[in-house]
Amino acid sequence: MESASSKRIVHLVSFNIPYPPDYGGIMDVFYKISALKRQDVGVILHCFSYGRGRSRTLERECLKVHYYRRELNLFHIFRKEPFIVVSRRNEMLLRNLLTDIHPIIFEGLHTTWFLCHKALEGRIKMVRTHNIEHVYYRNLALNENNPLRRLYFNTEARKLERYEPKLAGANSLLSISPGDTEYFRSKYGNAVFVGPFHPAEVSFPDNGRGDYVLMHGDFSTAENNAAALHILKEVVSHWKYRTVIAGKRPSAELSDAASSLRHVKLVPNPSMTQMNELIANAQVCLLNASNPTGMKLKLINALTFGRHVVASPAIVSGTGLEELCHEAISPGEWISLTDSLMKEDFTSDMRARRNLLLKEIADNDNNAKRIVEAIKSYIPEF
Numbered sequence: 003m004e005s006a007s008s009k010r011i012v013h014l015v016s017f018n019i020p021y022p023p024d025y026g027g028i029m030d031v032f033y034k035i036s037a038l039k040r041q042d043v044g045v046i047l048h049c050f051s052y053g054r055g056r057s058r059t060l061e062r063e064c065l066k067v068h069y070y071r072r073e074l075n076l077f078h079i080f081r082k083e084p085f086i087v088v089s090r091r092n093e094m095l096l097r098n099l100l101t102d103i104h105p106i107i108f109e110g111l112h113t114t115w116f117l118c119h120k121a122l123e124g125r126i127k128m129v130r131t132h133n134i135e136h137v138y139y140r141n142l143a144l145n146e147n148n149p150l151r152r153l154y155f156n157t158e159a160r161k162l163e164r165y166e167p168k169l170a171g172a173n174s175l176l177s178i179s180p181g182d183t184e185y186f187r188s189k190y191g192n193a194v195f196v197g198p199f200h201p202a203e204v205s206f207p208d209n210g211r212g213d214y215v216l217m218h219g220d221f222s223t224a225e226n227n228a229a230a231l232h233i234l235k236e237v238v239s240h241w242k243y244r245t246v247i248a249g250k251r252p253s254a255e256l257s258d259a260a261s262s263l264r265h266v267k268l269v270p271n272p273s274m275t276q277m278n279e280l281i282a283n284a285q286v287c288l289l290n291a292s293n294p295t296g297m298k299l300k301l302i303n304a305l306t307f308g309r310h311v312v313a314s315p316a317i318v319s320g321t322g323l324e325e326l327c328h329e330a331i332s333p334g335e336w337i338s339l340t341d342s343l344m345k346e347d348f349t350s351d352m353r354a355r356r357n358l359l360l361k362e363i364a365d366n367d368n369n370a371k372r373i374v375e376a377i378k379s380y381i382p383e384f
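This note's numbering applies: residue 3 is where the sequence shown begins, and numbers increase by one.
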């Protein structure tokens, strides 16, 4: 457990136990805690437990860690509030938040059940917005084949859109991308940009060329699985470049599609080190998605460790990193851009420009300082 000597302390309420940091949202939480610690900000962590155990690593990083059971009662589906919010309603959380007057950071709309509670009036409350949640859930529905799950995602999207105005009760919204910041600021007037927290510090990918094309992501989500299938069938099948598909839990359909192409290799469930090596040795990284909100951690990883990036508009739009990527929409554009980039060296000038912009948008310490400044705007002595 971290020493309590720090005079600067925040409560941080996480939607899940943020260790191990093995997917985008949880990475943002875990590396935020570490970055705040480097700014001499102690974190009292509150996290909802489902599918993950208690973590000694978190207990070392934080001043204190509180664990709460997520109430996965199916009857919550029939309530007017979003399931992802009401299932994280726990009175012990409120009691623990009331033991002092430190600022509170709620991670995602998921954790905001008590945001507007009268007992927390006068407290400095901030919400980290990871996505525009109702847009995210509508995209989940569009990519879902199971009719019951599709119904759930569409219903949850409607509930989330109705619930979202509660964010006006926060002092500040800490939005993960410039595009999301503009959206929340226009609606609620209280958004500030705080870029993503991630494990990839500024890196120096090799100059010159790699010898294959890479598409990577978390294929356990329907959106990423569908995006990868589309690229395999409509793009990769029309070239002979050695192509690697790497990511978590690829579906049987994705595995079959990859194995049907002789020039394609599937790497399921790579370690973080293995994934970074695959990115570093590729000539071109292909990034495809349909959800246009938030900030994709696979984009940060590709730009940090890799060479050329070809991406769909949903990946890069509103990120502030557009100039570092080559944007493709149609299969013909994906193919022609890849053809060109497979012949183009990645230069030291490209690397320098990329690292400069990444430091502005996605540097962990800079983003921790943005949180500190947001708190100082309400508590000058913080």
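Beta carbons are placed, not taken as given, at the ideal position from N, Cα and C, and that holds for glycine.
Please read all numbers here as calculations on a predicted model, not as lab measurements.
Residue range 149 to 165 is occupied by the alpha helix (DSSP H) that includes R164. Bridge pairing for S16: C49 [DSSP]. Beyond the five residues adjoining it in sequence on each side, S16 comes within less than 6 Å, by CB distance, of V31, C49, E109 in the same chain, given in chain order.
Measuring C-alpha to C-alpha distances from G322 to each of L359, G26, E329 identifies L359 as the nearest. For K120, the closest alpha carbon among the candidates L144, A172, Y69 is that of A172.
Less than 8 Å divides the Cβ of L176 from the Cβ of R130.
For S222, the secondary structure class from DSSP, reduced to helix, strand or coil, is coil. Around the beta carbon of R62, a 10 Å sphere encloses fewer than 16 other beta carbons of the protein chains shown; the residue is thus reported as exposed. Per DSSP, K39 is one residue of the alpha helix (DSSP H) stretching across 26 to 40. Within the stretch 63 to 131, complete alpha helix (DSSP H) segments of at least 4 residues are found at 85 to 88, 93 to 99, given in chain order.
Classified as exposed, D213 has fewer than 16 neighbouring CB atoms from the shown chains inside 10 Å of its CB.
In terms of Cβ geometry, N141 and E255 do not form a close pair [threshold 8 Å]. Taking a cut-off of 8 Å on C-beta distances, the stretch 307 to 317 touches the stretch 330 to 337, as three or more cross pairs fall below it. Apart from the 5 residues on each side of it in sequence, K242 sits with its Cβ closer than 6 Å to the Cβ of H265 in its chain, given in chain order.
If you ignore the 5 residues before and after T113, its C-beta comes within less than 6 Å of the C-beta of V15, F17, R90, all in its own chain and listed in chain order.
A distance below 6 Å between beta-carbons, with the five flanking residues on each side excluded, links G27 to the following residues of its chain, in chain order: H132.
Residue state for G171 is assigned as helix, using DSSP reduced to three classes.
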